[in-house]
Amino acid sequence: MEWWRTAIIYQIYPRSFADANGDGVGDLPGITARLDHLADLGVDALWLSPFYRSPMVDGGYDVADYRDVDPVFGTLADFDALLARAHGLGLRVIVDIVPNHTSSAHPWFASGLHDRYVVSDTPNQWQSLFGGPAWTQLPDGSWYLHLFDPAQPDLNWGNPDVRAEFDDILRFWLDRGVDGFRVDVAHGLVKPDIAELSVFDQDGVHEIYRGWRKILDSYPGERMAVAEVFDTAPDRVARYVAADELHQAFNFDFLEAPWDPDELRRIIDASLAAAAGVGAPPTWVISNHDRHRPVTRFGDGIPGRRRARAAALLMLGLPGSAYIYQGEELGLPEVLDLPAEVRVDPQFIRSGGTALGRDGCRVPLPWEGDTPPFGFGAGSWLPQPADWAAFTVEAQRADADSTLNLYRNALRLRRPAATLTWRSAPDGVLCFETDRLLVAANLGGSAFTLPREPVLASSPVGGTLPPDTTVWMEKD
Ligand code: NOJ
């Protein structure tokens, strides 16, 4: 079976993982120096959010040069060293590709090659996902489209130059040895006629991914791609992971699910059915660099922490592949009280502060010690809460009940699984069997008598399963 069908993939947001050169911003040598953490955690692969040359208006999702490393993150030689070290540890590496838009500092846009962008004399009503109109006027009076920040002009995928360029960018990184790509805004590339109200998920995108699949398949070693397709129904998302297109798509329905047994079961069933219909693996995720962290989302304080741990064991017990976002394995909370002057997310800035944005899940990781920056580097570009000492990797390694050890144990006990069978359980409890495990999650129902001793529990259990707790048991 191909590795990506059951892989656990760890997302690194390079600015916030580890800083080797002491400028307060994470970098590639910092990641390389900390890869042992991922090997020890037991993941199969890592996905690096963008580290390319960028003015960093949107944290690197505004790319000015797709074939070079931004100096703040290091050099191409640093990338090669990271890749070699990861492969040496048995970890695959996926890089982000941002094909929907470039930075406005990209040489194409900066030099006025506007036929490679979506430009119109008559802007329509489309809105930017970061707030405000999606069109900005050029000096010649025409308007260019930006579904995100004005510094992120949307590419015109009707132009063959754009297609050829991205084929070449894919090859550039595949030749360097990457194991795959995470495709940013995969459902946005092809735009409808501007009379249309809805801009995403146009049928024309699939021809692009059929071409990309051919490129990926022309390399040895099971190279893969995972699509970011948000706000789209499961049957439409499944089209991106047809056998001749991409390999995986993120499961945003699962990520956005409330802590509700019926809703979760409905989403799990729909996800399994949609993936099975096209022969793709289901995927699961409870956090990423764009969402509030689960500990906070599920209810601040102890209930949130307890539920986030239960959600993690539920997710990691499901068949298929799962994504873990850096810091999730430490049970970090969202940092909600960052002062406005340190916030940099365009979502915050463009909404005039009415949307808090995503800085709070991008606070640099705490590694060790008792005071900020907790071993992250010499400082940290977003301030870490002073009371994060108990969250450090160092502190959690020493604590058998820590969230870090829960994730480590789960990944040690987890076995690749492809099937799921529901077992009867009281209201409020989800109970299923995979090829290897019996999983029971109590999402707030009555206490459930466990048929046998668990091999792993998200919170202490006696003979019964208390609310907001998930356990793994051996199968009969
Ligand atoms: C999705 C990325 O995950 C997000 O961080 C970014 O702002 C947008 N795409 C635009 O590239």
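For what it's worth, the working numbering labels the leading residue of the sequence shown as 35, then goes sequentially.
Quick reminder that beta carbons are idealized off the backbone N, C-alpha and C, glycines included.
| query | result |
| --- | --- |
| Separation of Gln418 from Lys248, as counted between CA atoms | 44 Å |
| Start-to-end residues for the alpha helix (DSSP H) that takes in Glu375 | Per DSSP, Glu375 belongs to no alpha helix (DSSP H) and is neither H nor E. |
| Residue range of the alpha helix (DSSP H) that includes Val212 | No alpha helix (DSSP H) contains Val212, which DSSP labels as neither H nor E. |
| Euclidean distance between Cα positions of Met507 and Leu471 | 6 Å |
| Exposure label - Ala94; buried when at least 16 CB within 10 Å | A quick correction: the sequence has Gly, not Ala, at residue 94. The residue is buried, with at least 16 neighbouring Cβ atoms inside 10 Å. |
| Test item: CB-CB of Cys395 and Glu368 under 8 Å | yes |
| Cutoff 8 Å; reference Ala73; Cβ partners in own chain excluding five residues on either side | Leu123, Gly124 and Leu125 |
| Tyr95 beta carbon near the ligand NOJ (any heavy atom closer than 7 Å) | yes |
| Between the CA atoms of Arg216 and Glu262 - distance to the nearest angstrom | 7 Å |
| C-alpha gap between Phe403 and Gly409, whole angstroms | The residue asked about is misnamed: residue 403 is Gly in this sequence, not Phe. Approximately 7 Å, taken between the alpha carbons. |
| Leu80, enclosing beta strand (DSSP E) - first and last residue | Ala79 to Leu82 |
| C-beta contact flag for Asp102 and Tyr86 at 8 Å | yes |
| Asp201 versus Trp246: straight-line alpha-carbon distance, rounded | 7 Å |
| Residues near Ala451 by beta carbon distance below 6 Å, same chain, minus five either side | Pro353, Thr468, Asp469 and Arg470 |
| Span of the alpha helix (DSSP H) around Ser305 | Pro295 to Val312 |
| Gly361 burial status per 10 Å Cβ neighbour count (16 or more: buried) | buried |
| Min CB distance Ala79 to chain B below 8 Å | Here chain B cannot be found, since the structure has a single protein chain. |
| Cβ-based burial, Ala308 [other Cβ within 10 Å; buried from 16] | buried |
| CB contact flag (Met349, Ile320, <8 Å) | yes |
| Stretch pair the region 279–290 + the region 317–336: three plus CB contacts closer than 8 Å | yes |
| Residue closest to His140, alpha-carbon to alpha-carbon, out of Val97, Leu172, Ala310 and Ser50 | Val97 |
| Cutoff 7 Å; reference Tyr47; Cβ partners in own chain excluding five residues on either side | Ser83, His323, Gln360 and Arg396 |
| Tyr357, enclosing alpha helix (DSSP H) - first and last residue | No alpha helix (DSSP H) contains Tyr357, which is instead part of the beta strand (DSSP E) from Ser355 to Tyr359. |
| Phe288: first and last residue of the uninterrupted alpha helix (DSSP H) it sits in | Phe286 to Leu289 |
| heavy atom of the ligand NOJ below 7 Å from His323 C-beta | yes |
| Closer than 7 Å: Asp218 CB and nearest the ligand NOJ heavy atom | yes |
| Closest by C-alpha distance to Leu147, when choosing among Ile131, Ser162, Pro157 and Leu172 | Leu172 |
| Buried or exposed by the 16-neighbour rule on C-beta atoms within 10 Å, applied to Ile336 | exposed |
| Reference Asp188; option with closest CA among Gly211, Trp207, Val219 and Val212 | Val219 |
| Strand pairing of Ile131, partner residues [DSSP] | Val217 |
| Environment of Gly351 [buried if 16+ CB atoms lie within 10 Å] | buried |
| Extent of the continuous beta strand (DSSP E) run through Thr503 | Thr503 to Glu508 |
| Near the ligand NOJ: Glu368 beta-carbon under 7 Å from a heavy atom | no |
| Contact test: Asp92 Cβ vs the ligand NOJ heavy atom, cutoff 7 Å | yes |
| Residues that DSSP places opposite Trp169 in a beta bridge | Leu179 |
| Val132 beta carbon near the ligand NOJ (any heavy atom closer than 7 Å) | yes |
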